[in-house]
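Chain order of the listed sequences is A and B. According to numbering that gives the first Met the number 0, the first sequence is numbered sequentially starting from 0. According to numbering that gives the first Met the number 0, the second sequence is numbered sequentially starting from 0. Backbone N, C-alpha and C define an ideal beta-carbon position, used for all residues, glycine too. Everything below concerns the one structure shown next.
Protein chains: 2
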Amino acid sequence: MTDVNHRILLHARPTWMPEPGHFNADSEPIRPPGEGEVLLQTIYLSIDPAMRSWMSEDAGYHSTVPLGSVMRGGGIARVLESRAEDFAPGELVQARLGWQTHPTLPAKFLQRVDVARGDALAWIGPLGLSGVTAYFGMREIGAVKPGDRVLVSGAAGGVGQIAAQIARIEGCRVVGIAGGAEKCRWLAEDLRLDAVVDYKAEPDLTAAIGRTCPDGVDLYFDNVGGETLDAALAHLRMDGRVALCGRISQVTSNEPYRIGNLSRLSARCGRMQGFQVFRYHDRYEEARVWLATQHRTGRLRQRLHILDGLQHAPGALGMLFRGENFGKLIIQVSNPAM
Amino acid sequence: MTDVNHRILLHARPTWMPEPGHFNADSEPIRPPGEGEVLLQTIYLSIDPAMRSWMSEDAGYHSTVPLGSVMRGGGIARVLESRAEDFAPGELVQARLGWQTHPTLPAKFLQRVDVARGDALAWIGPLGLSGVTAYFGMREIGAVKPGDRVLVSGAAGGVGQIAAQIARIEGCRVVGIAGGAEKCRWLAEDLRLDAVVDYKAEPDLTAAIGRTCPDGVDLYFDNVGGETLDAALAHLRMDGRVALCGRISQVTSNEPYRIGNLSRLSARCGRMQGFQVFRYHDRYEEARVWLATQHRTGRLRQRLHILDGLQHAPGALGMLFRGENFGKLIIQVSNPAM
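Below, the structure is given as structure tokens:
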């Protein structure tokens, strides 16, 4: 076993796109666990749009990652050594591991991965924060109900693919928006969405949504913001809901897009609501029971985009904002089978 | 008693501001009531922003008023002659009377005015649609709760003045936005709001809201839309609500204002919701019991702007959009004491 913890530190704050140059790598000796602590080996790290805001001075709901510290990030790890009675070597845990190969963390920050519910990859996707986010966004904020005409942007992404499938499981007509023919084919053929919009191939997004949602939209699950949100608003039905989950098109834009179709929200008695999954923390168990049930029975599938090696983490974040990931983006840091 | 019904008909559809030239006047013999009908004498007519949309081809939730018909409008009337067993001469009713002095209407379209709850003027304001709109907008859409920091635009208008007072009654800190020193003085001194913003005197509305709402806004009750909505969004607190009641600044604008501060809604887990009071029709009684209680005990006051004579109706509507009314705007069509 190695005695080195390889780490990636935040080196500079992005003003626009997150780039590899905003990070640097180092290594330190593994720190043996103290009383109540656990030494871990990172297996997977999740790459999520929110990380861009953690890198900036205004981290929103979360605190800013200090320059020179390990970049914050969640994932799945194996217990190597434990001085906490709740955890034993070989067990899998979920935690904010940070971008490092061998974190030593207090046991209270760890959550056991119940492998009866799903394997490590399921726990980073449908049973992880992506799944839980989609669950509360669709069900609580979106108040999805059978028969709803649902539109999901970023539908091939980590949260979007699960949101779209939740709506299908609930008995909705579901249209997905994604960029590129390959993603759109997967949404239509593998996830069996009712229609897809390839935003990269559409000169007029509003017209494309109108064509694929001829009766309008009861629920728009927004991962994108900006122009896509505006186009979706134009098709909102009476009592329509907009769940503002992400705004990935806006995070790296210099000039915020200005929304022109808000009058539709008034005229259609619509509701538009932002949310943070962390506010539902005490209900994650409920979400995981539901998601694990759907996943185990094959109704909920997952497509991952896996990069092999911690060294890919600094370049991975920018892929999200350029739409280069096809599926939920994760870093495989060590071999899950070992 | 006269035998003539004076009427004001819709003559042309406005493309921008509603003007007297969009109407014309005529008169016809009073039509005696048939079986189940009631002949009325109009006392008060309410002038409301929604009437501008009824005049246009796209009337939204309501049907368009056909050219050449009596302009639609609600108000209070006295029963002159009844062939319906539920109504007797001398009683007061509330109805969509139309802009006419002596409507003859089916009894099923009339609602009796309970004078024990409030006089005719109370029934056109706090107990009428303005009051009921403010009630559901504040309580259902805004989910007002004690201690909320509440901001109300159009706070000296028909709905706004009641919305602001409801929030005060519920135990909120309330800031009102209105145009002109006279309205602002009335809001501060008579309605005792905690602070006021005179939007006509403020070069920077966002800064003015920041100054008067130093801890931000939990609930913004919007009667105005556009730039004011955008400025209010900039101060939204965590879990803040925006009740989209009206958008009077936008109805007559040629180019819709584009909202730039939507990211605040996401970041603050905020909710923005449009509504139409008519959706709450089966709960009007609940609202009126509450509003009548507040009004009778003096906690809920009303300021009216009364124009004397039906001939003023065609010019009145434009006053709303130019902010020339100070209080709820009504037309006195006949003497209420007779």
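| Item | Value |
| --- | --- |
| Once DSSP output is grouped into helix, strand and coil, what is the label at B:MET50? | helix |
| May I ask you to list the residues that DSSP assigns as paired with A:ASN23? | A:LEU8 |
| Which residues, taken in chain order from the stretch 284-309 of chain A, show a beta carbon closer than 8 Å to some beta carbon of chain B? | none |
| Within 7 Å of any Cβ in chain B, is that where the Cβ of A:GLY67 sits? | no |
| Just the chain A side, please: which residues come within less than 8 Å of B:MET54 by C-beta, in chain order? | Within chain A, no residue comes near B:MET54; the closest Cβ sits about 16 Å away, beyond 8 Å. |
| For the stretch 108-125 of chain A against the stretch 51-69 of chain A, do three or more pairs of beta-carbon atoms, one drawn from each stretch, fall closer than 8 Å, so that the two count as touching? | no |
| Cβ atoms of A:GLY136 and A:ASN222: under 7 Å apart, would you say? | no |
| Can you tell me where the beta strand (DSSP E) holding B:GLN272 begins and where it ends? | 270-273 |
| Below 8 Å on the Cβ atoms is my guess for B:TYR43 versus B:ILE75; work out the distance and round it to an integer in Å. | 5 Å |
| Just to confirm my understanding: we take A:ALA24, look at its own chain, exclude 5 residues before and 5 after, and list those with CB closer than 6 Å. What are they? | ILE7 |
| With C-beta atoms as the reference, is B:PHE277 less than 7 Å away from B:ILE140? | no |
| In whole angstroms, what separates the C-alpha of A:HIS311 from that of B:LEU243? | 46 Å |
| Taking B:GLY356 as the reference, which of B:TRP53, B:GLU90, B:ILE46 has the closest Cα? | In this structure chain B extends from 0 to 337, so residue 356 of chain B is not present and cannot be described. |
| For A:PHE86, which residues from the same chain have a beta carbon less than 8 Å from its beta carbon, with the 5 sequence-adjacent residues on both sides left out? | VAL37, VAL78, VAL92, ALA106, LEU109, ARG111 |
| Strictly below 7 Å CB to CB, what residues from chain B border A:ARG278? | CYS268 |
| When DSSP builds the beta bridges, which residues end up paired with B:ILE305? | B:ILE329 |
| Just to confirm, is the Cβ distance from A:THR41 to A:THR103 under 7 Å? | no |
| Can we say the stretch 208-228 of chain A touches the stretch 226-233 of chain B, given the rule of at least three CB pairs closer than 8 Å? | no |
| Taking A:GLU27 as the reference, give the member of A:GLY322, A:ASP2, A:ALA155 with the closest Cα. | A:ASP2 |
| Would you mind stating whether B:CYS268 and B:ASP238 have Cβ atoms separated by less than 7 Å? | yes |
| Hey, how far is the Cα of B:LEU319 from the Cα of A:ARG138? | 41 Å |
| State the beta-bridge partners of A:TYR43 as determined by DSSP. | A:ILE75, A:GLN331 |
| Which chain B residues sit within Cβ distance under 7 Å of A:ILE258? | ARG257, ILE258, LEU261 |
| Quick one: which chain B residues come within Cβ less than 7 Å of A:PHE86? | Residues of chain B passing the Cβ test: none, with the nearest at roughly 33 Å. |
| Out of B:GLY156, B:LEU309, B:VAL149, state which residue places its alpha-carbon closest to the alpha-carbon of B:GLY124. | B:GLY156 |
| So, with DSSP's three-state summary, where would you put A:PRO313? | helix |
| Whole angstroms are fine: how far does the CA of B:GLU56 sit from the CA of B:SER62? | 9 Å |
| Report the neighbours of A:LEU243 on chain B: residues whose CB is nearer than 7 Å to its CB, in chain order. | LEU264, SER265 |
| So which residues on chain A does B:MET137 lean against when the C-beta distance must stay under 8 Å? | None at all; the shortest Cβ gap to chain A is about 16 Å. |
| Please identify, using Cβ separations under 8 Å, the residues of the stretch 165-192 of chain B that lie next to chain A, in order along the chain. | none |
| Under the rule that 16 or more other beta-carbon atoms within 10 Å means buried, what is A:THR227, buried or exposed? | buried |
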